[in-house]
Amino acid sequence: MVTLKDFEDWPAWDEFCAIEQPRKIKAWVSIAEKMAADNGGTLPNCFTLLKNDGWGLYAAMRRSPKNFTHIKQDKKIRRTTDEWVVFAEKFAQENGGVLFCVRHLRKMGYASLNAAMRRSPKKFAHIKQDKLIGGRPKNA
Numbered sequence: 062m063v064t065l066k067d068f069e070d071w072p073a074w075d076e077f078c079a080i081e082q083p084r085k086i087k088a089w090v091s092i093a094e095k096m097a098a099d100n101g102g103t104l105p106n107c108f109t110l111l112k113n114d115g116w117g118l119y120a121a122m123r124r125s126p127k128n129f130t131h132i133k134q135d136k137k138i139r140r141t142t143d144e145w146v147v148f149a150e151k152f153a154q155e156n157g158g159v160l161f162c163v164r165h166l167r168k169m170g171y172a173s174l175n176a177a178m179r180r181s182p183k184k185f186a187h188i189k190q191d192k193l194i195g196g197r198p199k200n201a
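Everything in the sequence shown is counted per this note's numbering, starting at 62 for the first residue and increasing by one.
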């Protein structure tokens, strides 16, 4: 069986050793602890980690979850309807007081906002929204 020690006399051994190796679990735990401390004592949920290039930390947490049990993690994955209402109000205000039509919201990555609006239309009734007419937004 060949091991790394068999390559110690290889001319490029020092260059190989200089290559950054994957972090150890202890390093990932300290990163998670620091991130949680910076985030008010709670580590962001897995989707937020992945969205913000936290692949390495996410993988380490999946590989050895026992090492991360002492760190409180935000388990909330989805926004509540009330949070979507606040978001839609701000989003509409940035667009001249009118929320984009359903089709454009979906294209912009806000399919969850559309779903919230379908589930609770009364909560969104006060927000003016573009309507699709002939495939184009009415106010565009």
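Glycine included, every Cβ here is placed at the ideal spot set by N, Cα and C. For clarity, every value in this text was computed on a predicted model and none was experimentally measured.
*So alanine 93 packs on isoleucine 132, CB below 8 Å; how close in whole Å?*
On the sequence shown, position 32 is the one that residue 93 refers to. On the sequence shown, position 71 is the one that residue 132 refers to. Going by Cβ atoms, the distance from alanine 93 to isoleucine 132 rounds to 5 Å, so yes, they are a contact pair.
*Round the Cβ separation of alanine 149 and leucine 174 to the nearest angstrom and send it over; I've been treating them as touching at under 8 Å.*
Here residue 149 refers to the residue found at position 88 of the sequence shown. Here residue 174 refers to the residue found at position 113 of the sequence shown. Rounded, the Cβ-Cβ distance is 6 Å, consistent with contact.
*Buried or exposed: which applies to alanine 186, given that a residue is buried once 16 or more other Cβ atoms fall within 10 Å of its Cβ?*
Taking the first residue of the sequence shown as position 1, residue 186 is located at position 125. Exposed, because fewer than 16 other Cβ atoms sit within 10 Å of the Cβ of alanine 186.
*First and last residue of the alpha helix (DSSP H) that includes serine 125?*
Locating residue 125 in the sequence shown gives position 64, counting from the first residue. Taken as a continuous stretch (DSSP letters only), serine 125 belongs to no alpha helix (DSSP H), as it is neither H nor E.
_For glycine 115, count the other beta carbons within 10 Å of its own beta carbon; 16 or more makes it buried, fewer makes it exposed. Which is it?_
Residue mapping note: residue 115 aligns to position 54 of the sequence shown, counting from 1. Flag for glycine 115 reads buried.
_Taking the alpha carbon of phenylalanine 108 as the reference point, which residue from Arg167, Asp143 and Met122 has its own alpha carbon closest?_
The count along the sequence shown starts at 1 and reaches residue 108 at position 47. For the residues Arg167, Asp143 and Met122, the minimum Cα distance to phenylalanine 108 belongs to Met122.
*Select from Asn100, Asp191, Leu104 and Ala177 the residue whose C-alpha is nearest the C-alpha of tryptophan 145.*
Residue 145 sits at position 84 when you count from the first residue of the sequence shown. Taking only the C-alpha atoms, the option nearest tryptophan 145 is Ala177.
*Since proline 142 contacts lysine 184 with CB under 8 Å, what's their CB separation in whole angstroms?*
Residue 142 sits at position 81 when you count from the first residue of the sequence shown. Residue 184 sits at position 123 when you count from the first residue of the sequence shown. Note that residue 142 is threonine in the sequence shown here, rather than proline. Right, their Cβ atoms sit about 6 Å apart.
*When burial is assigned at 16 or more other CB atoms within 10 Å of the CB, is aspartate 191 buried or exposed?*
Walking along the sequence shown from the start, residue 191 turns up at place 130. The residue in question, aspartate 191, is buried, as its Cβ has 16 or more Cβ neighbours within 10 Å.
*asked:* Using only the alpha-carbon positions, how far apart do glycine 102 and lysine 137 sit?
replied: Counting from one through the sequence shown, the residue named residue 102 turns up at place 41. Counting from one through the sequence shown, the residue named residue 137 turns up at place 76. Computed Cα separation, rounded: 15 Å.
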